[in-house]
Amino acid sequence: MKRHKIYQKYVKRILDFIISLCAGIILSPVFLMVAVLVRVKLGSPVIFKQERPGRDEKIFRLYKFRSMTDEKDENGQLLPDEVRLNHFGKILRSTSLDELPELWNIIKGDMSIIGPRPLLVSYLPLYNSRQKRRHEVRPGLTGLAQANGRNAISWEERFELDVSYVENISFLMDLSIFCKTIYSVIKREGISSGTSETMEFFKGNRE
């Protein structure tokens, strides 16, 4: 138990910084290639920025490659995600290439490689007391929920896995999640939910 606490408090952050910095350098040609393709196929800006809650619900700015167009209807309203998510955008999401800019968030200390995914700020008032525990740690590039179903599982299952991770963080768990995530990305599993190309919005807990 003490060993796990040392890992969580000291070692995990050091590994996050070193691995994400090395990955950013090694993958820089991929960054450039994806950025050019995004600009050509989806438009500008290439980087999608959005505020998300991090550790202790502190708000930070998340960076991703954009994966949807800005197509609008006759009233100037954005079309549904399913319409704006074209074939190229689906490839970006299924391969998780759209997540690459989050390496900068990890280097900065906003995020970790492994942890509960950072969700929308608007969800904060909707969590129950147990679900709020997902914010006791830095959010991750991938997490226990992503390694066990990704977008194909319910919000309740997802949050329970997030809290289970918070309660049981260890190096071996992080390594297992990382390997399972790579497998899921290669197999392209759990990219969409059962009823949508993307995950439905969380509307609160059932009574």
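Throughout, the numbering used here is defined as the position within the sequence shown, counted from one, plus 5.
Beta carbons are placed, not taken as given, at the ideal position from N, Cα and C, and that holds for glycine.
| Query | Result |
| --- | --- |
| H140 Cβ short of 8 Å to the ligand GTP heavy atom set | With respect to the ligand GTP, the structure offers nothing, as it holds no ligand at all. |
| Beta-carbon proximity list for G199, same chain, < 6 Å, skipping 5 on both sides | Confidence at G199 is low in this model, with a pLDDT of 49, below 50, so the placement of that residue is unreliable and no value is reported for it. |
| Every unbroken beta strand (DSSP E) inside the stretch 124-193 [3 residues or more] | 145-147 |
| Three-state secondary structure assigned by DSSP to P106 | coil |
| P34, enclosing alpha helix (DSSP H) - first and last residue | 33-46 |
| Range of the contiguous alpha helix (DSSP H) that encloses L67 | From DSSP, L67 is part of no alpha helix (DSSP H) but of the beta strand (DSSP E) over 64-70. |
| Sub-9 Å separation of I187 and G148 beta-carbons | no |
| As assigned by DSSP and simplified to three states, the class of K77 | strand |
| 7 Å CB neighbourhood of D61 in its chain, flanking five on each side removed | H140 |
| CA nearest to the CA of Y12, picked from K192, L177, S189, I24 | L177 |
| Contact belief for P121 with P144 at Cβ below 8 Å, rounded distance in angstroms | 6 Å |
| E205 - containing beta strand (DSSP E), residue span | Neither: E205 is in no beta strand (DSSP E) and is coded neither H nor E. |
| Buried/exposed call for G94, threshold 16 Cβ in 10 Å | buried |
| C-beta atoms of L1 and I111 nearer than 9 Å | The structure shown does not extend to residue 1, since the chain is modelled only from 6 to 212, so the question has no answer here. |
| Test item: CB-CB of A152 and F164 under 9 Å | no |
| Burial state of M73 (16 or more Cβ within 10 Å) | buried |
| At least three beta-carbon pairs within less than 8 Å, the stretch 76-85 to the stretch 46-56 | no |
| Cβ-based neighbour list, F22, same chain, cut-off 7 Å, excluding 5 preceding and 5 following | I112 |
| Rounded C-alpha distance that separates F206 from P58 | 16 Å |
| Residues sharing a beta bridge with R57, DSSP | F65 |
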